[in-house]
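Residue numbers (the numbering used here): 4 to 259.
From the three backbone atoms N, C-alpha and C, an ideal C-beta is built for every residue, glycine too.
If you're wondering where the values come from, they're calculated on a predicted model, not measured in any experiment.
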Amino acid sequence: MAEKFINIKLKIWRQKDSKSAGKFVEYPLSNVSTDSSFLEMLDLLNESLVEKGEEPVAFDHDCREGICGMCSLFINGEAHGPDRGVTTCQLHMRMFKDGETITIEPFRASPFPVIKDLVVDRTPFDRIMQKGGFVSVNTSGNTQDANALPVPKADADKAFDAATCIGCGACVATCKNASAMLFVSAKVSQMALLPQGRVEAKERVLNMVHQMDMEGFGNCTNTGACEVECPKGISLENIARMNREYLKAVATSEEH
Ligand code: SF4
Ligand code: FES
Numbered sequence: 004m005a006e007k008f009i010n011i012k013l014k015i016w017r018q019k020d021s022k023s024a025g026k027f028v029e030y031p032l033s034n035v036s037t038d039s040s041f042l043e044m045l046d047l048l049n050e051s052l053v054e055k056g057e058e059p060v061a062f063d064h065d066c067r068e069g070i071c072g073m074c075s076l077f078i079n080g081e082a083h084g085p086d087r088g089v090t091t092c093q094l095h096m097r098m099f100k101d102g103e104t105i106t107i108e109p110f111r112a113s114p115f116p117v118i119k120d121l122v123v124d125r126t127p128f129d130r131i132m133q134k135g136g137f138v139s140v141n142t143s144g145n146t147q148d149a150n151a152l153p154v155p156k157a158d159a160d161k162a163f164d165a166a167t168c169i170g171c172g173a174c175v176a177t178c179k180n181a182s183a184m185l186f187v188s189a190k191v192s193q194m195a196l197l198p199q200g201r202v203e204a205k206e207r208v209l210n211m212v213h214q215m216d217m218e219g220f221g222n223c224t225n226t227g228a229c230e231v232e233c234p235k236g237i238s239l240e241n242i243a244r245m246n247r248e249y250l251k252a253v254a255t256s257e258e259h
């Protein structure tokens, strides 16, 4: 598609810090290349704000290639904007029309409070990971080769699919219950499907689900919006697997 230049109006959520009230502020922006990415467009806006001596818009980003999961923006009412299977940094301005007003908000969910403008605090995900998003391996010289344990191809593929979750939080922001079940189930599944992950499977699912509840995420009511908006196509099948893992762990736990 040939490069074009469009004029747009941005309606952006500005908020000084977590304690201040926020509000939408409008910014016109002209001559935006349709080949530029959404974040490059925001860079352009920020350059013009700095030139005018105004405060630039704070937004999260790091890799800018769909890997780190930092670019958490709600664009025209959708997590990561109108394209499918992409993060905000992979979204291109060719998805928008000349003259369009584009509304940009931070991810909205009470466990993810706004830190500033479009930046939210997603450390609840880190705390959930610290409760079990790993396998414990003794590295003192007698570690088995990873390929010494045969893994059926179908399981390896499913584990790999689950492992593509980048922890962006779009599933939470999209869900009417602010549920983190898609994220947590991806992290539980990627281990549960592999023999290396079975060793700690029971404690993992119990501890991660407990931490998810402690952080204030809501429950899953099978709406499926998370799967639609997930940039990595994480399947709802993982939630069903996590529920099975959880029930099995509760049923065989000594306290029950
Ligand atoms: S499940 Fe998808 S939407 Fe949720 S954190 Fe992982 S990659 Fe992001
Ligand atoms: S900036 Fe890393 S996924 Fe978008």
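Bounding residues of the beta strand (DSSP E) (the contiguous stretch that carries residue i)
i      : result
Arg17  : 8-17
Ser39  : Taken as a continuous stretch (DSSP letters only), Ser39 belongs to no beta strand (DSSP E), as it is neither H nor E.
Pro59  : Per DSSP, Pro59 belongs to no beta strand (DSSP E) and is neither H nor E.
Leu76  : 76-78
Ile105 : 104-109
Whole-number beta carbon distance between residue j and residue i, since they are thought to touch under 8 Å
i      : j      : result
Phe41  : Gly84  : 7 Å
Gly221 : Cys168 : About 19 Å; that fails the 8 Å criterion.
Asp262 : Met98  : Nothing can be reported for residue 262, as the shown portion of the chain is limited to 4 through 259.
Pro114 : Gly219 : 5 Å
Ile107 : Leu250 : No, Ile107 and Leu250 are not in contact; Cβ-Cβ is about 41 Å, not under 8 Å.
Phe77  : Pro31  : At roughly 21 Å, the Cβ-Cβ gap does not stay under 8 Å, so Phe77 and Pro31 are not in contact.
Pro234 : Val89  : 6 Å
Ile131 : Met44  : That belief does not hold up - the Cβ atoms of Ile131 and Met44 are roughly 32 Å apart, past 8 Å.
Own chain, CB closer than 7 Å to residue i, minus 5 neighbours either side, in chain order
i      : result
Ala18  : The sequence shown places Gln at residue 18, not Ala. Hits under 7 Å: Gly25, Val117, Lys119, Asp120.
Arg207 : Gly135, Val191, Met194
Arg111 : Phe77, Ala176
Glu103 : Ile11
Proximal residues to residue i (C-beta, below 6 Å), its chain only, five neighbours per side dropped
i      : result
Ile237 : Cys168, Leu185, Ala189
Ala61  : Lys119, Asp120, Val122
Lys156 : none
Residue interval of the alpha helix (DSSP H) (run including residue i)
i      : result
Ile169 : Segment: none, Ile169 is in no alpha helix (DSSP H) and carries neither H nor E.
Thr126 : 126-133
Val117 : Looking at the DSSP string, Val117 is not in any alpha helix (DSSP H); the run it does join, the beta strand (DSSP E), is 117-119.
Pro94  : Per the sequence presented here, residue 94 reads as Leu, with Pro not at that position. Taken as a continuous stretch (DSSP letters only), Leu94 belongs to no alpha helix (DSSP H), as it is neither H nor E.
Ile242 : 240-254
Sequence-distant residues of its chain with Cβ nearer than 8 Å to residue i (five each side left out)
i      : result
Asp20  : Ile118, Lys119
Thr146 : Val140
Task: Three or more C-beta pairs below 8 Å linking the segment 134-144 and the segment 191-203 - done: Counting Cβ pairs under 8 Å, three or more are found: they touch.
Open item on the list: Under 8 Å: do the segment 245-258 and the segment 204-213 share three or more Cβ pairs, one atom per stretch?
Closed with: yes
Task: the segment 7-14 touching the segment 35-52, judged by at least three CB pairs closer than 8 Å - done: yes
- [ ] Mind listing, in chain order, the continuous alpha helix (DSSP H) runs of no fewer than 4 residues lying wholly within the segment 156-228?
- [x] For the segment 156-228, whole alpha helix (DSSP H) runs of length 4 or above, ordered along the chain, are 156-166, 173-177, 184-195, 198-201, 204-217.
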